[in-house]
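Following: one structure in structure tokens, then a few remarks.
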Amino acid sequence: MAATRGALVQVEVTVAARADRLEALHAALDRFWSRVDETLPEPPDNDWRLHFATAMAEIGANIVRHAHPEGTLPGIMQLRLRAFRNRIEARFADGGVAFRGMPEATPAPPTVSTDDDALVLAEGGYGLRLVLAAVDKLDYERTPAGRNHWRLTKRF
Amino acid sequence: MDVRVEIQTNGVAVIALDGRLDLLSAVTVKERLGKEVLAGNMRLVVDLGAVTFIDSSGLGALIGGLKAARQAGGDLRIARATNQALVVLKLTSLDRVLRPFASVEEAVAGY
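First to last, the sequence lines map onto chains H and R.
If you use the working numbering, the first sequence closes out at 156, no skipped numbers anywhere.
If you use the working numbering, the second sequence closes out at 267, no skipped numbers anywhere.
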């Protein structure tokens, strides 16, 4: 148990950082929820899980798009999902390009209020805002060894 | 992702998607929506009933289709959005421009 440091459930997966391998992240999350259902006395409901899954998939896609863009060396990403008594965490690690666009520094997409606004709507830029709205905390760190570490936290 | 297009008798193009609308499939879907608009089918209904997951790239494809349709004088409506799609639309406030219809029939009616 020492390896999981208080985690009640832990599932890990390592996949190629490619768009056609994102399905492996969803499969890992499905395995994780099965274990959570067996282990936690009060597992989170479906809506809660959809929010978490949305954020997790968004970070995975972000790693493929921004840390391993076309023309760079193929890489891998590691995902570790952990359930604690009061929260669920997803940690990603990859050795790709450093991320330089935390949402604080990214202009917000235009506010959508009327149908006329649709023509000026951005087609991108929703990803990290979606993550921040879906979970409680998002941390990013570029380590001195040149790795990207992402951590998503959602409390029960 | 499977994409099926059916032109209704009133000229509305119903585009049924099946699978995950994400980084992998978004470009294909956006191109397909644009192709329909170019072919003169500017009133679109995207059937999301069999879409198991949408991410921000998928959302971008729908916004791209919406803009192309509106610029041509048409529109894009979405039908049968799953709970996960509704979560994504609500968290981004895009449900205000991509108003979800409960069924394809409701989306097509009165278009």
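Just so you know, even glycine gets a beta-carbon here, dropped at the ideal spot from N, CA and C.
Inter-residue distance for V207 (chain R) and A241 (chain R) is about 8 Å (C-alpha atoms, whole angstroms). In the three-state DSSP reduction, N166 (chain R) falls in the coil class, being neither helix nor strand.
For the region 66-97 of chain H, the set of positions with a beta-carbon nearer than 7 Å to some beta-carbon of chain R is empty. Per DSSP, the continuous beta strand (DSSP E) segment holding N148 (chain H) begins and ends at 148-155. Put simply, the region 203-223 of chain R touches the region 166-175 of chain R. At least three CB pairs are less than 8 Å apart.
Taking a Cβ-Cβ threshold of 7 Å, the residues of chain H close to L179 (chain R) are A19, L22, A61, V64, R65, in chain order.
A206 (chain R) sits in a strand when the DSSP states are folded into three classes. The beta-carbon of G205 (chain R) is placed no less than 8 Å from the nearest beta-carbon of chain H.
Listed in chain order, the alpha helix (DSSP H) elements of length 4 or more contained wholly in the region 30-69 of chain H are 46-62. Around R129 (chain H), the beta-carbon contacts reaching into chain R at under 9 Å are S212, L247, T248. Contacts between F209 (chain R) and chain H, judged by CB atoms closer than 9 Å, involve H26, A53, T54, A57 in chain order. Interface flag for E123 (chain H) against chain R is set, since a Cβ pair is found closer than 8 Å. For the set H:R18, H:R85, H:R142, the Cα lying nearest the Cα of R155 (chain H) is the one of H:R85. Around the beta carbon of I163 (chain R), a 10 Å sphere encloses fewer than 16 other beta carbons of the protein chains shown; the residue is thus reported as exposed.
Between R87 (chain H) and the set H:L152, H:R21, H:R18, H:E12, the nearest pair of CA atoms involves H:L152. Contact check for A17 (chain H) and I76 (chain H): beta-carbon distance about 6 Å, within the 8 Å limit, so the pair qualifies. Within chain R, the residues placing a beta-carbon under 8 Å from that of Y126 (chain H) are S212, L215, G216, T248, L250, ordered along the chain.
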